[in-house]
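Working notes for the structure below.
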Amino acid sequence: MSTIHLTLPLDEKTVRSLRAGDAVTLSGAIYTGRDAAHKRLIELIDRGEPLPIPLEGETIYYVGPAPASPGHAVGSAGPTTSYRMDPYTPKLLARGLRGMIGKGLRGPGVVDAMKQYGAVYFGAVGGAAALIARSIQESTVIAYPDLGAEAIHRFVINEFPAIVVIDSLGNNLYETGPKLYKEAGL
Amino acid sequence: MRSIQAAQITQAVADLFLECSYCIGDDVRQAIDDAIKTEPSPIGRNTLQQISDNYTIAANERVAICQDTGMSVVFAEVGQDLHIENGDFEEAIQQGVREAYLQGYLRKSIVAEPLFERKNTKDNTPAIIHTRIVPGDRLKLLAVAKGFGSENMSALKMLVPADGIEGVKRFILETVENAGPNPCPPIVIGVGIGGTFEKAAIMAKQGTALPLDHSNADPRYKQLEDDLLREVNALGVGPGGTGGRTTALKVHILYAPTHIAGLPVAVNICCHAARHASQVL
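Order-wise, the sequence lines are chains A and B.
For the record, in the first sequence the residue sitting at position 149 is 148 according to numbering that gives the first Met the number 0, with numbers rising by one throughout.
For the record, in the second sequence the residue sitting at position 7 is 6 according to numbering that gives the first Met the number 0, with numbers rising by one throughout.
Here's what the structure looks like:
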């Protein structure tokens, strides 16, 4: 497999050139966010108030890292299951969010918004959390420190390994991949 | 009458959760390394390689295999001739969990109440404790760190006797296929058949924490385990859910007597980070 090396933030042209199944590495800055942080971001948007993080061209990583042990920038930090963020995601995509990193299925509302606005969903290997943490060089809490592991962190990453799972045309590796390997008759 | 100190239980529980959070069992590592050689999907092989490399990094650096260090579940078998001194048995277990998660850089993932406030307890307690009183004067502890990506994909159904073997198989296969990539395949599948509603679920949980080379002692259930593993892997879900033939590493079935009107089936899914460790005191 050849690997595409991407630098963040992402522009629309780059995002629209990516295809489901592409192996990529990501380098640059990303923001973390899980259920609780997403809920707060959407509440701000609904009230018309400013957000604590930029969205235009940015990438959100669905992760709640383990605490960092001495000598590490961050503790183990693999992806969490993405569908829990689905109710919030279209509003973030409408405001310029270009990339999401997680694992697992996304709903049709998210995929439609990805096609409309030009966004990409990267899958990281669930459970490969110590390996992934090696690509995270800096971690800073940007918002909601009261949420602990669920606070919004800014990560500086270098060659973070991922796969394009859903592209901006709506191609979905979670649908096409298993079809290739499913035995006939099942 | 043999005696042990409650503090010994605390120490053992802390050690078990640290050990299983950092070091995957040899059986799981071997199964992943074997699958790298047989998995037909190139993306799947790459995923399996990352999983294997991750086990090595976590063990060498003494860091968590997965950032979701789970909800702590302890199965305790207490010998009826054992006396526990200087402390409360359950609190000794909770203190062990507390020490492991606070001192071991493990994530604290437990909220005190599930619906209204969801406030984090900040020390990963309380653990779920299942206790049995058994003959003898020993204490056997099994610590299970259960991640919720896979827990959320688990299911229980009260089938009826007419559903039979085919109904049981259909429910298990549907549960795994619907879960797709979410529970971090390759998975270990614990199945509890029979008993009551809650008994089936507990058996399924126990199934996720058995060694991969263990099979049901009843040859009919062993055959069912083997058939289900083959059929699950034929679904095509694959490593990470991106397609392939390594969807599950093992299906473990436990069964129990049940009511004439019932056929409860519980399917507890565990991710490839199948973290459990045991000790006898």
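For glycine and all other residues, C-beta sits at the position ideal for the given N, C-alpha and C.
Fair warning: this is a prediction, and the values are worked out from it, not measured in the lab.
Exercise. Of all the residues that make up the region 60-87 of chain A, which are near chain B by a beta-carbon distance shorter than 8 Å?
Worked result: Here the close residues are Val62, Gly63, Pro64, Ala65, Pro66, Ala67, Ser68, His71, Gly74, Ser75, Ala76, Gly77, Thr79, Thr80 and Tyr82.
Exercise. Within 10 angstroms of its Cβ, does Ala111(B) collect 16 or more other Cβ (buried), or is it exposed?
Worked result: In summary, Ala111(B) is exposed, with fewer than 16 beta-carbon neighbours lying within 10 Å of its beta-carbon over all protein chains present.
Exercise. Whose C-alpha, out of Arg133(A), Glu158(A), Gly106(A) and Val124(A), is nearest the C-alpha of Gly169(A)?
Worked result: Ranked by how close their Cα comes to the Cα of Gly169(A), the residues Arg133(A), Glu158(A), Gly106(A) and Val124(A) have Gly106(A) in first place.
Exercise. Going straight from the alpha carbon of Glu60(B) to that of Val124(A), what length do you get?
Worked result: Cα-Cα distance, rounded: 19 Å.
For this session: For the beta strand (DSSP E) containing Ile192(B), list its first residue and its last residue.
Result: First-last of the beta strand (DSSP E) with Ile192(B): Ile186 to Gly194.
Exercise. What residue range is occupied by the uninterrupted alpha helix (DSSP H) comprising Asn170(A)?
Worked result: Per DSSP, Asn170(A) belongs to no alpha helix (DSSP H) and is neither H nor E.
Exercise. Applying a beta-carbon distance threshold of less than 7 Å, which residues of chain C neighbour Ala127(A)?
Worked result: Note that chain C does not occur in the displayed structure, where the protein chains are A and B.
For this session: Would you list, in chain order, the members of the region 167-182 of chain A that have their beta-carbon closer than 8 Å to a beta-carbon of chain B?
Result: The residues in question are Leu172, Tyr173, Thr175, Gly176, Pro177, Lys178, Leu179, Tyr180, Lys181 and Glu182.
Exercise. From Ser134(A) to Ala161(A), what distance separates their C-alpha atoms?
Worked result: A straight line joining the alpha-carbon of Ser134(A) with that of Ala161(A) spans about 11 Å.
Problem set entry | Contact set between Pro160(A) and chain B, taken where Cβ atoms lie within less than 9 Å | Near Pro160(A) (Cβ distances below 9 Å), the residues of chain B are Asn45 and Gln49.
For this session: Might you give, ordered along the chain, the residues of its own chain that have their beta carbon closer than 6 Å to the beta carbon of Gly243(B), omitting 5 neighbours on each side?
Result: Here Gly243(B) has Glu38, Ser40, Gly43 and Gly237 as same chain residues with Cβ atoms under 6 Å from its own Cβ, once five neighbours each way along the sequence are excluded.
Exercise. With respect to the beta strand (DSSP E) encompassing Leu138(B), which residues constitute its N-terminal and C-terminal limits?
Worked result: Counting along the chain, the beta strand (DSSP E) containing Leu138(B) begins and ends at Leu138 to Lys145.
For this session: Count the other C-beta atoms from every protein chain shown that fall within 10 angstroms of the C-beta of Leu92(A), then say buried if there are 16 or more, exposed otherwise.
Result: Under this definition Leu92(A) is a buried residue.
For this session: Hey, could you find the ends of the beta strand (DSSP E) Gly98(A) is sitting in?
Result: Going by DSSP, Gly98(A) is part of the beta strand (DSSP E) stretching over Gly98 to Gly101.
Exercise. How would you write the range of the beta strand (DSSP E) that Met113(A) sits in, first residue to last?
Worked result: Membership of Met113(A) in any beta strand (DSSP E) is not indicated; the residue belongs instead to the alpha helix (DSSP H) covering Pro107 to Tyr116.
Exercise. With respect to the beta strand (DSSP E) encompassing Leu262(B), which residues constitute its N-terminal and C-terminal limits?
Worked result: Unbroken beta strand (DSSP E) run through Leu262(B): Leu262 to Cys269.
For this session: Compute the distance between the beta-carbons of Cys22(B) and Gly126(A), then report whether it is under 8 Å.
Result: Taking 8 Å as the Cβ cut-off, Cys22(B) and Gly126(A) do not qualify as a contacting pair.
Exercise. Would DSSP call Met70(B) helix, strand or coil?
Worked result: DSSP, read as helix, strand or coil, puts Met70(B) in strand.
Problem set entry | Contacts that Glu18(B) makes with chain A (C-beta to C-beta distance below 7 Å) | Within 7 Å of the CB of Glu18(B), no CB atom of chain A is found; the nearest one sits about 15 Å away.
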